[in-house]
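Just so we're aligned, residue 0 is where the sequence shown starts under numbering that gives the first Met the number 0, counting upward by one.
What follows is a short report on a single structure.
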Amino acid sequence: MILTVVVVMTTIHAQDFPDVAGDRVRGRKTIPLVYDETWTRAALAVFVIFWSIVSLSFWHVQSRIAWLSTTGVGGLLAFKTTLRREKSSDELVWRLWCSWVVSYTFCLFSALVAE
């Protein structure tokens with residue numbers, strides 16, 4: 000359970016990218032504004048790939064479909080986060096993060112059921 004909390008805490012800032020300009024105007028202290036948007040995009044990409052591999056390995060997930068879905072969505076999220084900065088792309092990154100978390104959670108539950 001602690002692993003899941005750490006995964007979410009280190010990647011949840013995906014939700015902040017679509018409205019960086021609005022957050023800046025309102026004086027909000029979001030992660031991309033406090034720690035530099037370029038750095039936080041790179042960190043998100045690295046953490047998503049890292050947690051995809053580490054979590055599936057930690058839970059001994061054997062399913063190729065689980066690996067493909069989690070690392071595939073994670074890889075696309077990482078690619079879009081680092082290479083595209085338009086609002087529409089950032090909104091897609093947020094939706095991909097939600098899909099990645101669903102895939103991640105599915106892998107967690109399938110590992111628990113397999114025990």
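All C-beta atoms, glycine included, are put in the ideal place defined by N, C-alpha and C.
Only a predicted model underlies this, so the values are computations on that prediction, with no experimental measurement involved.
Asked                                                                                                                                 : Found
Could you round the C-beta distance between L32 and A13 to whole angstroms and report it? I think they count as a contact, below 8 Å. : So it is not a contact: roughly 15 Å between Cβ atoms.
Give the secondary structure of D22 by DSSP, where H, G and I count as helix, E and B as strand, and everything else as coil.         : helix
Among G74, T37, T3 and P17, which has the Cα closest to the Cα of E90?                                                                : P17
Specify the secondary structure class of D89 as computed by DSSP and reduced to three states.                                         : helix
Can you give the Cα-Cα distance for D24 and I30, rounded to whole angstroms?                                                          : According to the sequence as given, residue 24 is Val; it is not Asp. Between V24 and I30, the C-alpha separation is close to 15 Å.
Along the chain, where does the alpha helix (DSSP H) containing M8 start, and where does it finish?                                   : I1 to T10
Below 8 Å, can you find three or more Cβ-Cβ pairs linking the region 88 to 102 to the region 61 to 76?                                : yes
Exposed or buried, which one is Y103 when buried takes at least 16 other CB atoms within 10 Å?                                        : buried
Go to P17, then tell me how far its alpha helix (DSSP H) extends in each direction, as first and last residue.                        : Premise fails: P17 is in no alpha helix (DSSP H) and is neither H nor E.
Considering only the alpha carbon of each residue, which of W58, F108, V112 and T3 lies closest to V47?                               : T3
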